[in-house]
Amino acid sequence: MDFQALYFIFSIFFILFIINLFVVSVFFLIRAAQLKLINIGILGIAVIFIDIGFIGNILFGLGGIFEEIFVSSGFVLIVLFTNLTFHRNKGYKYKLIFFIAIICAIINIHLRFVDLLYNVDYIYYIKQLFDIVFTFFVFFWLGLSSLRAYQSLKQVKIQPWIKYRYRLLSVAGFLLGLQAIPEIFIAPGLHYGDLNAMVVLVFGITASIVLVSSIIFVLAWMIPSFLKNFLNKDYDTIEDPELNENELINLIQKDIGKS
787 MDFQALYFIF SIFFILFIIN LFVVSVFFLI RAAQLKLINI GILGIAVIFI
837 DIGFIGNILF GLGGIFEEIF VSSGFVLIVL FTNLTFHRNK GYKYKLIFFI
887 AIICAIINIH LRFVDLLYNV DYIYYIKQLF DIVFTFFVFF WLGLSSLRAY
937 QSLKQVKIQP WIKYRYRLLS VAGFLLGLQA IPEIFIAPGL HYGDLNAMVV
987 LVFGITASIV LVSSIIFVLA WMIPSFLKNF LNKDYDTIED PELNENELIN
1037 LIQKDIGKS
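Position in the sequence shown (from 1) plus 786 gives the number in this note's numbering.
Set out below in structure tokens:
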């Protein structure tokens, strides 16, 4: 069977994902500069790091170690963003989560290096399993924190579209937490780009997950006016001015702290 056409379609999905990452990273950095919000700036840098990792390895052939350093660093920054946005000044257990993310990133980079150095099957599967755990840990934490923010805001009198932002973020977070799982089914020695049935299938599933998740993520932060109006159709905004990002983050942290 010729898998070239399918692989080409899935490659387009992945390219769109990369473009989405670039667009959203620029948006975050601009918003961070405008509002002087460190957490949004950190998220922008995290997304750029992940983008650089994928582009460097897949498009320019800079290698798996290069990709892992940037992607794992981006994952650590996403945990930092999650803590600063939803759990600032909450105590040692949230700092512990960030510390665990740093340790996981170091282990992930080390495992990628060892796998390339020794090229042994059991090391390959250990690396893949740990990558699944690390990815799930980072994005499940983002998804869970966003979901708790959404739940805490449900009874707060603010515009509905603001609440739905965090609902969308939770969906994107949980989806991205699953994106590394299919890669465990790629046999050692095979890589993206090989026209093998399992490689093409896994690449297709992974590319679809990250593309859908990134679109949801973009929508969460760049909700178009017509969608805002639709979500707000039964809500009276005359005496309820829109909150800026600083006020919204303070409100979220205050309400999550009560739960």
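Where a beta carbon is used, it is the ideal one built from N, C-alpha and C, also for glycine.
Minimum C-alpha distance to residue i - residue among the options
i     : options                 : result
I893  : R817, S859, L981        : S859
I888  : F899, V900, V857, Y904  : V857
L961  : T921, K879, G877        : T921
L897  : F884, I912, F885, I944  : I912
L829  : L845, Q820, V810, L821  : V810
Q937  : F872, F803, P968, L903  : F872
P946  : K881, D907, Y910, Y1021 : Y1021
N905  : P974, I991, S999        : P974
V1004 : V986, S956, G842        : S956
A891  : G877, L845, Y910, V919  : V919
I844  : G990, G979, V985, R951  : G979
L915  : P968, L903, L882        : P968
N1018 : S999, Y910, I944, F923  : I944
I883  : I855, L903, F923        : F923
V998  : I855, N1015, G963       : G963
With 16 other Cβ atoms within 10 Å as the buried cut-off, status of residue i
i     : result
G847  : exposed
L981  : exposed
N875  : exposed
L807  : buried
I831  : buried
V942  : exposed
L954  : buried
A791  : exposed
I838  : buried
Q820  : exposed
I836  : buried
L1051 : As shown, the chain starts at 787 and ends at 1045. That puts residue 1051 outside it, with no answer to give.
F800  : buried
I805  : exposed
I1024 : Residue confidence for I1024 is low, a pLDDT of 48 falling below 50, so the modelled location carries little weight; the figure read from the coordinates is stated next. I1024 comes out exposed.
I834  : buried
Y908  : exposed
F885  : exposed
S1045 : Caution is warranted here: a pLDDT of 49 is assigned to S1045, below 50, making its placement in the model unreliable, and the coordinate value is therefore given only provisionally. When all chains shown are included, S1045 counts as exposed.
Y880  : buried
N869  : buried
I798  : exposed
S803  : A quick correction: the sequence has Phe, not Ser, at residue 803. F803 is buried by the Cβ-count criterion.
Y952  : buried
A1006 : buried
Y983  : According to the sequence shown, residue 983 is Ala rather than Tyr. By the neighbour-count rule (16 or more Cβ atoms within 10 Å), A983 is not buried but exposed.
Y783  : What the structure shows of the chain is the stretch from 787 to 1045, and residue 783 is not part of that stretch, so it cannot be assessed.
Integer-rounded CB distance, given that residue j should sit under 8 Å from residue i
i     : j     : result
A966  : D917  : 5 Å
A1065 : I1002 : One cannot answer for residue 1065 here, as it falls past the ends of the chain, which runs 787 to 1045.
A993  : F794  : Their Cβ separation, rounded to whole angstroms, is 11 Å, which puts A993 and F794 out of contact at 8 Å.
F971  : V988  : 6 Å
L933  : K949  : About 11 Å; that fails the 8 Å criterion.
F789  : V986  : 4 Å
Any chain D beta carbon closer than 8 Å to residue i
i    : result
F803 : Looking for chain D here will not work: only one protein chain is present.
Near the ligand ATP: residue i beta-carbon under 7 Å from a heavy atom
i    : result
F796 : This structure lacks the ligand ATP, and indeed carries no ligand of any kind.
Inter-stretch contact at 8 Å, needing at least 3 Cβ pairs: the stretch 922-930 / the stretch 855-872: With three or more CB-CB distances shorter than 8 Å, the stretch 922-930 counts as touching the stretch 855-872.
contact_flag[the stretch 823-835, the stretch 845-853] where n(CB pairs < 8 Å) is 3 or more: The stretch 823-835, when compared against the stretch 845-853, does not touch it at the 8 Å Cβ threshold.
Between the stretch 1010-1019 and the stretch 810-818, do three or more beta carbon pairs fall short of 8 Å? Proximity of the stretch 1010-1019 to the stretch 810-818 falls short of the contact definition, fewer than three beta-carbon pairs being nearer than 8 Å.
Which residue spans inside the stretch 974-1027 form an unbroken alpha helix (DSSP H) run of at least 4? Counting whole runs of 4 or more residues, the stretch 974-1027 contains the alpha helix (DSSP H) stretches 983-1007, 1011-1017.
Could you tell me which uninterrupted alpha helix (DSSP H) segments, each at least 4 residues in length, are contained entirely in the stretch 859-932, listed from first to last along the chain? Runs of alpha helix (DSSP H) with 4 or more residues, each lying fully within the stretch 859-932, are found at 878-904, listed in chain order.
Taking the runs of the alpha helix (DSSP H) that are 4 residues or longer, which of them lie wholly in the stretch 823-847? Along the length of the stretch 823-847, whole alpha helix (DSSP H) runs at least 4 residues long occupy 824-840, reported in chain order.
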